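Residue numbers are given in my numbering: position 1 of the sequence shown equals residue 22, and the series is strictly consecutive.
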Amino acid sequence: MVVSKNLTVCSKSSIQRFIKLWLSVKDTPYWFHQTLSLGRQIEDFATAKPILEKLFDSLEVEMGKTYDMGAVYIMGHQGNKRVHFHVVFFFYGTPAETPEKLAAKLRQEVWKRWKKLNPDLNHTGNRLTIRTKANGLWYLAGHLTVGKTAKAKGKPSWYGVRNKRLIETHALPVTSKQVRREFDSYFPAVQATPAPAAKKPKVIFYDRRKLAELRAYVEADGRHDWEDFKRMKMGRKRKVSDFDFMDFLNVQSGWKSATPSADDGNTL
Numbered sequence: 022m023v024v025s026k027n028l029t030v031c032s033k034s035s036i037q038r039f040i041k042l043w044l045s046v047k048d049t050p051y052w053f054h055q056t057l058s059l060g061r062q063i064e065d066f067a068t069a070k071p072i073l074e075k076l077f078d079s080l081e082v083e084m085g086k087t088y089d090m091g092a093v094y095i096m097g098h099q100g101n102k103r104v105h106f107h108v109v110f111f112f113y114g115t116p117a118e119t120p121e122k123l124a125a126k127l128r129q130e131v132w133k134r135w136k137k138l139n140p141d142l143n144h145t146g147n148r149l150t151i152r153t154k155a156n157g158l159w160y161l162a163g164h165l166t167v168g169k170t171a172k173a174k175g176k177p178s179w180y181g182v183r184n185k186r187l188i189e190t191h192a193l194p195v196t197s198k199q200v201r202r203e204f205d206s207y208f209p210a211v212q213a214t215p216a217p218a219a220k221k222p223k224v225i226f227y228d229r230r231k232l233a234e235l236r237a238y239v240e241a242d243g244r245h246d247w248e249d250f251k252r253m254k255m256g257r258k259r260k261v262s263d264f265d266f267m268d269f270l271n272v273q274s275g276w277k278s279a280t281p282s283a284d285d286g287n288t289l
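See the structure below:
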């Protein structure tokens, strides 16, 4: 995969959605990749996208009469932060031309209309090439990187489609396994999100209030007398004060270190 110097930062989930879209597009010999730069400094997708939409509108007036044409595109930035586009046109049906001849025609029609929308633009870098479905994804993935980002409400996504109905009509089924496999092949360094660590059980610190709650529970349960319960828990035969028992419980909970006692509990 050829990696661009100017990567578009995208969330993992949005790239996976894009991969699913790409895999769903039915293959055809007529796949054409077009790079489109803008003639003026526009740095936000929301301002740039309508210019691309105007190109699509104009192309469909001319070529939509003869061809079933759709497109998938991504938006990114050049080194000067100016927005530019990577558009993949694809044609269904049975065009009369070979892919090479249709590419030459599309190249001419796209540039004529794009130049009209961007008068100050020269032809450098605005190239159209023939691609396949497989190497198209390979090429586009090289312009993306995974990072923490969020699409602002009301703002366009970094990718889109034209003639969605045509794409859906010819759509292929795509499984989550296929998407994961493609994602992992293009972005192997991205690790799966680790499962959240299990919460440690809350450790109780016994003060007088907590000890009183424990005593109330033991007495309500009725199986043990409170004094017997304390002796049983500590393994003693003599009477255990509430203070010593509270201290014992906190040692067991890890709140305190054990301290030697004058009574080891084993004397009568």
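Just so you know, even glycine gets a beta-carbon here, dropped at the ideal spot from N, CA and C.
Every value quoted in this text rests on a predicted model; they were computed, and no experiment measured them.
Going by the CB atoms, is the gap between L187 and F53 shorter than 7 angstroms?
Stepping through the sequence shown from its first residue, residue 53 is reached at position 32. Stepping through the sequence shown from its first residue, residue 187 is reached at position 166. In this structure, L187 does not lie closer than 7 angstroms to F53 by Cβ.
So, with DSSP's three-state summary, where would you put S45?
Locating residue 45 in the sequence shown gives position 24, where the first residue counts as 1. Here S45 sits in helix by DSSP.
Report the CB separation of G168 from V30 in whole angstroms; it is logged as a contact under 8 angstroms.
Against the sequence shown, residue 168 aligns to sequence position 147. Against the sequence shown, residue 30 aligns to sequence position 9. So it is a contact: roughly 4 angstroms between Cβ atoms.
Could you tell me the alpha carbon to alpha carbon distance between S58 and I40, rounded to whole angstroms?
Against the sequence shown, residue 58 aligns to sequence position 37. Against the sequence shown, residue 40 aligns to sequence position 19. Straight-line Cα distance between these residues: approximately 24 angstroms.
What whole-angstrom Cβ distance do L44 and Q199 have, given they're in contact under 8 angstroms?
Mapped onto the sequence shown, residue 44 falls at position 23. Mapped onto the sequence shown, residue 199 falls at position 178. About 6 angstroms separates the two Cβ atoms, so the contact holds.
Could you tell me whether the segment 115 to 135 touches the segment 74 to 83, using the rule of 3 or more Cβ pairs below 8 angstroms?
Touching, yes, given that three or more Cβ pairs across the two stretches are closer than 8 angstroms.
How many angstroms separate the CA atom of S34 from the CA atom of A69?
The sequence position of residue 34 within the sequence shown is 13, counting from 1. The sequence position of residue 69 within the sequence shown is 48, counting from 1. The straight-line gap from Cα to Cα measures roughly 24 angstroms.
What are the start and end residues of the beta strand (DSSP E) that includes W52?
Residue mapping note: residue 52 aligns to position 31 of the sequence shown, counting from 1. Its beta strand (DSSP E) spans residues 52 to 58.
Output needed for N287: all residues of its chain with C-beta closer than 6 angstroms, excluding positions within five of it in sequence on either side, in chain order.
Residue mapping note: residue 287 aligns to position 266 of the sequence shown, counting from 1. Caution applies to N287, whose pLDDT of 38 falls short of 50 and renders its modelled position unreliable; the value that the coordinates give is listed next. Within the same chain, N287 has no close Cβ partners at all.
Whole angstroms is fine: what's the gap from Y180's alpha carbon to K231's?
Mapped onto the sequence shown, residue 180 falls at position 159. Mapped onto the sequence shown, residue 231 falls at position 210. One C-alpha to the other measures close to 59 angstroms.
Per DSSP, what kind of secondary structure is A125 in: helix, strand or coil?
Position 104 of the sequence shown holds residue 125. Helix at A125.
Would you check if the distance between the CB atom of T55 and the CB atom of R103 is smaller than 7 angstroms?
Position 34 of the sequence shown holds residue 55. Position 82 of the sequence shown holds residue 103. Note on residue identity: the sequence assigns Gln, not Thr, to residue 55. No, the pair does not count as a contact, with Cβ atoms beyond the cut-off.
Which residues bound the alpha helix (DSSP H) around L161?
As a first step, residue 161 must be located in the sequence shown, where it is residue number 140. First-last of the alpha helix (DSSP H) with L161: 154 to 162.
Could you give the residue range of the alpha helix (DSSP H) that holds T68?
Taking the sequence shown and counting its residues from 1, the one referred to as residue 68 is at position 47. Residues 66 to 84.
Going by DSSP, what residues sit across from D89 in a beta bridge?
To locate residue 89, count along the sequence shown from 1; it is residue 68. BP columns for D89 point to Y113.
Assuming F226 contacts V239 under a Cβ cut-off of 8 angstroms, what Cβ separation, rounded to an integer in Å, is found between them?
The sequence position of residue 226 within the sequence shown is 205, counting from 1. The sequence position of residue 239 within the sequence shown is 218, counting from 1. F226 to V239, Cβ: 19 angstroms. No contact.
Could you compute how far the alpha carbon of E64 sits from the alpha carbon of H98?
Stepping through the sequence shown from its first residue, residue 64 is reached at position 43. Stepping through the sequence shown from its first residue, residue 98 is reached at position 77. In a straight line, the C-alpha of E64 is about 7 angstroms away from that of H98.
Please work out which residues of its chain come closer than 7 angstroms, Cβ to Cβ, to E130, disregarding the five sequence neighbours upstream and downstream, and give them in chain order.
For the purposes of this step, residue 130 is identified with residue 109 of the sequence shown, where counting begins at 1. Excluding positions up to five away in sequence, the list reads L80, E83, M84.
With distance defined between alpha-carbon atoms, name the residue in H191, V211, G60 nearest to N143.
Start at 1 with the first residue of the sequence shown, and residue 143 comes out as number 122. Here the closest residue by C-alpha is G60.
Once you ignore the five residues that flank P208 on each side, which residues in its own chain have a CB closer than 6 angstroms to its CB?
Here residue 208 is taken as the residue at index 187 of the sequence shown, counted from 1. It should be noted that the sequence gives Phe, not Pro, for residue 208. The residues are V167.
In chain order, what residues of the same chain lie with their CB nearer than 8 angstroms to the CB of G157, ignoring the 5 residues before and after it?
Taking the first residue of the sequence shown as position 1, residue 157 is located at position 136. The answer, listed in chain order, is W43, W52, H54, V109.
Between F269 and the rest of its own chain, which residues show a CB-CB distance below 6 angstroms, the 5 nearest in sequence each way excluded?
Numbered from its first residue, the sequence shown carries residue 269 at position 248. The answer, listed in chain order, is M255.
Label N147 either buried or exposed according to how many other C-beta atoms from any shown protein chain fall within 10 Å of its C-beta, with 16 as the threshold for buried.
For this step, residue 147 is matched to residue 126 along the sequence shown. Buried, because 16 or more other Cβ atoms sit within 10 Å of the Cβ of N147.
Kindly indicate which three-state DSSP category Y227 falls into: helix, strand or coil?
Taking the first residue of the sequence shown as 1, we reach residue 227 at position 206. Reduced to three states, the DSSP call for Y227 is coil.
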